Amino acid sequence: MEGLVSFQGVPPVSRIPKFSFSRSTSSSSLDLRRGGNSSSFGSFSLSSMSSSSSSFSIRAQEMDSKDGSATAAPVSESEPEPDPLKITEWEVGMFRDEVAKSQGIRIRRRPPTGPPLHYVGPFEFRLQNEGNTPRNILEEIIWNKDVEVAQLKGRKPLGSLKKALDNVPPPRDFVGALKAANLRTGLPGLIAEVKKASPSRGVIKENFDPVEIAQAYEKGGAACLSVLADQKYFQGSYENIEAIRNAGVKCPLLCKEFIIEAWQIYYARSKGADAILLIAAVLPDLDIKYMVKICKMLGLATLVEVHDEREMDRVLGIEGIELIGINNRNLETFEVDTSNTKRLLEGKRGELIRERDIIVVGESGLFTPEDIAYVQEAGVKAVLVGESIVKQDDPGKGIAQLFGKDISI
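Structural data, given as structure tokens:
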């Protein structure tokens, strides 16, 4: 995309030392230190310093206190949950970063040292360093998303979104639609993507009408639709989801967005989304678990996207996962390798997926019937495809070309 640069890694200016600290309260203290894996924070252990052995979980997504601070609440199976323990926002942020590192997440949520803006007298200049420069396109997107979501939350508080859900039609069965399409055609169920542009390809569809494209996809045999919601990098919007739903399209809709907070899930649901994308490269395990629970509560399906073996193992360790997307595109370099799907479904991982009846969705680099056959042989039962069909003059015919036959009803 014009104006979008590719960032190279910058040698770190300094390293944050491993640390241990505790914060005392009137009844207990919160000890953050390297320990076992008794909690869902990977190699970290959170425990009370009192005689109680109750573990803690950080509720990093919903910060409902008036001062905006996060809360940590003791969790016990045998005792009622006491009043939440207040923790300052910087403690939560620092702990989140350490947890992410322990789980192999390389994407930083926000610039560690703030924006690269400096002043000398009347002059303004930017000094780039490792602490304020995105190391790749995904990190740049996440940093911008963090600012964008904060602004949207100010205009649309969570309380107003929850009230808006009363007027939204019930969610449609995203998983059921994929299974039905797979049984009907003998081919992977198609999640067709309503997509105007991408950072790697620029504008894909000049004459972009989201409703018209969605209707053509449905007519061409798509089981579900994926609708881009990111505006800055993909020229999408939540309003496109709403417009497609209001136009009478019956296919279940996936909100294709860079989700970093639970607020976005409520917002997507208020616009008519039936499923949510979560990216393991961005979200720690605790966030994924929390957001999956939010989605289940709202009746939404959750497509959790992975890119490598470590992310796959993390997601397979989370209960309640029904859909796993394997993205053949490296979101840091944007290079595509379809053999990634086969590699991640070999051996014990593939056996575990079959035992749990998890639907695997192949993503990126799928342009021909041979590509579809390759990932189907590897074990996928659904595919998410955008570029190869949306750029066609008739997206419905593009679907037939992709599968090598007409799959319309």
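Residue numbers (our numbering): -4 to 404. For each residue, glycine too, the CB sits at the ideal point set by N, CA and C. Nothing here was measured: the structure is a model prediction, and the numbers come from that model.
* Determine the closest residue to I353 out of A172, K376 and G342, with distance taken between C-alpha atoms. => Measuring from the Cα of I353, the nearest candidate turns out to be K376.
* Any contact of the stretch 142 to 154 with the stretch 330 to 347, i.e. 3+ C-beta pairs under 8 Å? -> Result no; under three Cβ-Cβ pairs closer than 8 Å.
* **Residue range of the beta strand (DSSP E) that includes K251** => Where K251 is concerned, the enclosing beta strand (DSSP E) stretches over L248 to K251.
* Under 8 Å between C-beta atoms of L298 and G320 -> At a Cβ-Cβ threshold of 8 Å, L298 and G320 count as neighbours.
* Can you list, in chain order, the residues of its chain whose CB lies under 7 Å from that of G342, leaving out five sequence neighbours each side? -> Contacts found: none.
* P183 versus V355 - alpha carbon distance -> Taking the straight line from one Cα to the other gives about 10 Å.
* Cα separation between V261 and S221? -> According to the sequence as given, residue 261 is Tyr; it is not Val. Approximately 17 Å, taken between the alpha carbons.
* Measure the C-alpha to C-alpha separation of Q56 and P390 and round it to an integer number of angstroms. => Below a pLDDT of 50, predicted positions are generally treated as unreliable, and Q56, at 39, falls in that range; no measurement from the model is reported.
* State the DSSP-derived secondary structure class of V287, mapped to helix, strand or coil. => Helix.
* Would you list the one or two residues that DSSP bridges to A373? => Beta-bridge pairing links A373 to no other residue.
* Check the DSSP bridge columns for L185 and list the partner residues they point to. => BP columns for L185 point to V378.
* Let me know if P247 comes out buried or exposed under the rule of 16 or more other beta-carbons within 10 Å of its beta-carbon. => Buried, since its Cβ has 16 or more Cβ neighbours within 10 Å.
* Assign P205 to one of two classes, buried (16 or more other C-beta atoms within 10 Å of its C-beta) or exposed (fewer than that). => Its Cβ being crowded by 16 or more others within 10 Å, P205 is buried.
* Can you check the stretch 224 to 275 for any alpha helix (DSSP H) of at least 4 residues that lies completely inside it and give the ranges in chain order? => The qualifying runs are 233 to 241 and 257 to 265.
* To do: Report back the beta-carbon spacing between I236 and A270 to the nearest angstrom; my notes put them in contact at under 8 Å.
  => In fact, because the Cβ distance is near 11 Å, the residues do not count as touching under 8 Å.
* Output yes or no for whether 8 Å exceeds the beta carbon distance between V170 and L318. => Taking 8 Å as the Cβ cut-off, V170 and L318 qualify as a contacting pair.
* To do: Look up N325 in the DSSP assignment and say whether it is helix, strand or coil.
  => In the structure shown, the three-state DSSP call for N325 is coil.
* Does DSSP put T128 in a helix, in a strand, or in coil? -> DSSP places T128 in the coil class of the three-state scheme, outside both helix and strand.
* **Extent of the continuous beta strand (DSSP E) to which I394 belongs** => First-last for I394: P390 to F398, but that is the alpha helix (DSSP H), not the beta strand (DSSP E).
* Asked: Relative to the ligand FAD, is the shortest distance from any of its heavy atoms to the C-beta of L133 smaller than 7 Å?
  -> By its list of ligands, the structure shown contains no ligand whatsoever, and the ligand FAD lies outside what it can speak to.
* Asked: Excluding five sequence neighbours on each side, which residues of the same chain lie with their C-beta closer than 6 Å to the C-beta of R29?
  -> Any reading at R29 is ruled out, since the residue's pLDDT is 33, under 50, leaving its predicted position unreliable.
* To do: Quick one: grab the DSSP three-state call for V163.
  => Here V163 carries a coil assignment [DSSP, helix/strand/coil].
* Using beta-carbon positions only, say whether N323 and E300 come within less than 8 Å of one another. => Going by beta carbons, N323 and E300 fall outside the 8 Å limit.
* **When F398, D401, V385 and S403 are compared against R196, the one with the closest alpha-carbon** => Closest by alpha carbon: V385.
* Quick one, are the C-beta atoms of R104 and I255 less than 8 Å apart? -> I255 sits close to R104, with the two beta carbons spaced by under 8 Å.
* Looking at the structure shown, is S23 part of a helix, part of a strand, or coil, going by DSSP? -> Residue confidence is low: S23 scores 34 on pLDDT, short of 50, so the model does not pin down where it sits. No coordinate-derived value is stated.
* Proximity winner among A238, A218, I208 and S193, relative to D225 (alpha-carbon distances) -> Distances from the CA of D225 to each of A238, A218, I208 and S193 were compared; the closest alpha carbon is that of S193.
* Asked: So does the stretch 357 to 376 actually touch the stretch 392 to 403, counting three or more Cβ pairs closer than 8 Å?
  -> Short answer: they touch.
* Beta-carbon gap between K251 and L223 smaller than 8 Å -> In this structure, L223 lies closer than 8 Å to K251 by Cβ.
* Determine the contact status of A211 and L185, defining contact as a CB-CB distance below 8 Å. => Cβ atoms of A211 and L185: not closer than 8 Å.
* List the DSSP bridge partners of L298. => Answer is L272 and L318.
* Can you tell me where the beta strand (DSSP E) with V355 in it begins and where it stops? -> Taken as a continuous stretch (DSSP letters only), the beta strand (DSSP E) holding V355 covers I354 to E358.
* Asked: Going along the chain, which residues of its own chain have a beta-carbon closer than 6 Å to the beta-carbon of E382, five neighbours each way excluded?
  -> The answer, listed in chain order, is I199.
* Asked: So W258 and V144 are in contact, right, with Cβ under 8 Å, and what is the actual spacing, rounded?
  -> Confirmed, Cβ separation roughly 7 Å.
* To do: Answer yes or no: do K214 and S359 have a C-beta to C-beta separation smaller than 8 Å?
  => No. Outside cutoff.
* To do: Tell me whether M292 is buried or exposed, calling it buried when 16 or more other Cβ atoms sit within 10 Å of its Cβ.
  => With fewer than 16 Cβ atoms within 10 Å of its Cβ, M292 is classed as exposed.
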